[in-house]
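Q: Here the protein sequences come in this chain order: A and B.
Using my numbering, the final residue of the first sequence is 124, and nothing's skipped along the way.
Using my numbering, the final residue of the second sequence is 160, and nothing's skipped along the way.
Can you keep this structure in mind? I'll have questions shortly.
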Amino acid sequence: QSVLTQPPSASGTPGQRVTISCSGSSSNIGSNYVYWYQQLPGTAPKLLIFRNNQRPSRVPDRFSGSKSGTSASLAISGLRSEDEADYYCTAWDDSLSGQVFGGGTKLTVL
Amino acid sequence: EVQLLESGGGLVQPGESLKLSCAASGFTFTNYAMTWVRQAPGKGLEWVSTISGSGGHTYYADSVKGRFTISRDNSKNTLYLQVNSLRAEDTAVYYCAKADGATTTTGGYWGQGTLVTVSS
Chain A
15 QSVLTQPPSA SGTPGQRVTI SCSGSSSNIG SNYVYWYQQL PGTAPKLLIF RNNQRPSRVP
75 DRFSGSKSGT SASLAISGLR SEDEADYYCT AWDDSLSGQV FGGGTKLTVL
Chain B
41 EVQLLESGGG LVQPGESLKL SCAASGFTFT NYAMTWVRQA PGKGLEWVST ISGSGGHTYY
101 ADSVKGRFTI SRDNSKNTLY LQVNSLRAED TAVYYCAKAD GATTTTGGYW GQGTLVTVSS
């Protein structure tokens, strides 16, 4: 059981907007930055969003992040086939004195 | 260009030990916390351990506390993970990652991973 809770799966059709949620607590999301990663099979995770809503320059603006209280979400607009991947949220947890991950969400582009 | 290159993985028997290394380049190594994250076959990402830039502070997941030791040699720009008393459930790809700025959370730079397989 992961400390951060994500839906195990999500899906959408090309061009659609999908949102992936990440629920935590006051000791992690509620008091620290949230980061989002995309992982394709057999590759290292790739940073999509850092510090809740900041996007690295190489990441398309179709990807956006937000945070409210103890929850965060990743939105992908204009869905493309190459977005089919696993997505993870993560944050530092002050109570556990460690980094915690969500269980991951497998995104399928129909 | 930031580069992280892990090495040291392999096939070991339960109870044996390994020392994983992560050679860093392209940034001022001592200025950043570093982290090990692992991923078991077909499973999600699991945080293992983090060490501060100076090496003075270390943090461990409960699942590895007492068996794994994180360390760094700032003169060699290298991060280490000594893994002892290995169990089948430690089988995973082990990634090293650079922290985001002054935080202790992983940022945008990860190595390619090194596979540790624990099996008799």
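The C-beta atom is built at its ideal place from N, Cα and C for all residues, glycine as well.
1. Could you tell me whether the Cβ atoms of B/GLY48 and B/THR143 are closer together than 8 Å?
2. Would you call A/THR122 buried or exposed, if buried means 16 or more other Cβ atoms sit within 10 Å of its Cβ?
3. List the whole-angstrom C-beta distance separating B/LEU119 from B/GLU56, where the pair is believed to meet the contact cut-off of C-beta under 8 Å.
4. Where does B/ALA139 sit, in a helix, a strand or coil, going by DSSP?
5. Determine, using beta-carbon pairs with one atom in the region 76-89 of chain A and one in the region 28-44 of chain A, whether at least three such pairs fall under 8 Å.
6. Residues of the region 54-82 of chain B in Cβ contact with chain A at a cutoff of 9 Å, in chain order, please.
7. Quick one: grab the DSSP three-state call for A/SER95.
8. For A/LEU54, I'd like the list of residues in its chain whose CB is within less than 6 Å of its CB, leaving aside the five on either flank, ordered along the chain.
9. CA-CA distance, A/PHE115 and A/ALA24?
10. Can a CB atom of chain B be found closer than 8 Å to the CB of A/SER111?
11. Under a CB-based cut-off of 8 Å, is A/LYS104 close to chain B?
12. Thinking just about the alpha-carbon of each residue, which of B/THR68, B/THR109, B/THR146 and B/VAL158 is nearest to the one in B/ASP130?
13. Give the interface partners of A/THR115 over in chain B, defined as CB-CB distance under 9 Å, in chain order.
14. Entirely within the region 43-78 of chain B and at least 3 residues each: give me those beta strand (DSSP E) ranges in chain order.
15. With 16 as the cutoff for other CB atoms within 10 Å, does B/PRO81 come out buried or exposed?
16. Please report the straight-line C-alpha distance between B/VAL88 and B/THR145, rounded to a whole angstrom.
17. Any residues in the region 98-119 of chain B with a beta carbon nearer than 7 Å to a beta carbon of chain A? Which ones, in chain order?
18. Can you tell me whether B/GLU129 is helix, strand or coil according to DSSP?
19. To which residues does DSSP link A/GLN52 through a beta bridge?
20. May I ask you to report which of helix, strand or coil DSSP gives B/ALA39?
21. Assess, as a yes-or-no matter, whether the region 39-54 of chain A is touched by the region 56-68 of chain B under the definition of 3 or more beta carbon pairs within less than 8 Å.
A: Let me spell this out:
1. no
2. exposed
3. Actually they are not in contact, since the Cβ atoms of B/LEU119 and B/GLU56 sit about 21 Å apart, beyond 8 Å.
4. strand
5. For the pair of segments examined, the region 76-89 of chain A was found to touch the region 28-44 of chain A: the number of CB pairs separated by less than 8 Å reaches three.
6. THR75, VAL77 and GLN79
7. Here DSSP, grouped into helix, strand and coil, assigns A/SER95 to helix.
8. If you ignore the 5 residues before and after A/LEU54, its C-beta comes within less than 6 Å of the C-beta of ALA99, all in its own chain and listed in chain order.
9. If I take the Cα positions, the gap works out to 18 Å.
10. yes
11. Looking at the sequence shown, residue 104 of chain A is not Lys but Thr. Chain B has a Cβ within less than 8 Å of the Cβ of A/THR104.
12. B/VAL158
13. First, the amino acid is wrong: residue 115 of chain A is Phe here, not Thr. Using a Cβ-Cβ cut-off of 9 Å, A/PHE115 is close to VAL77, GLY84, LEU85, GLU86 and TRP87 of chain B, given in chain order.
14. 43-47, 50-52 and 58-65
15. exposed
16. 12 Å
17. TYR99 and ALA101
18. helix
19. A/LYS60 and A/TYR101
20. No statement about residue 39 of chain B is possible, as the shown extent of chain B runs from 41 to 160 and does not include it.
21. no
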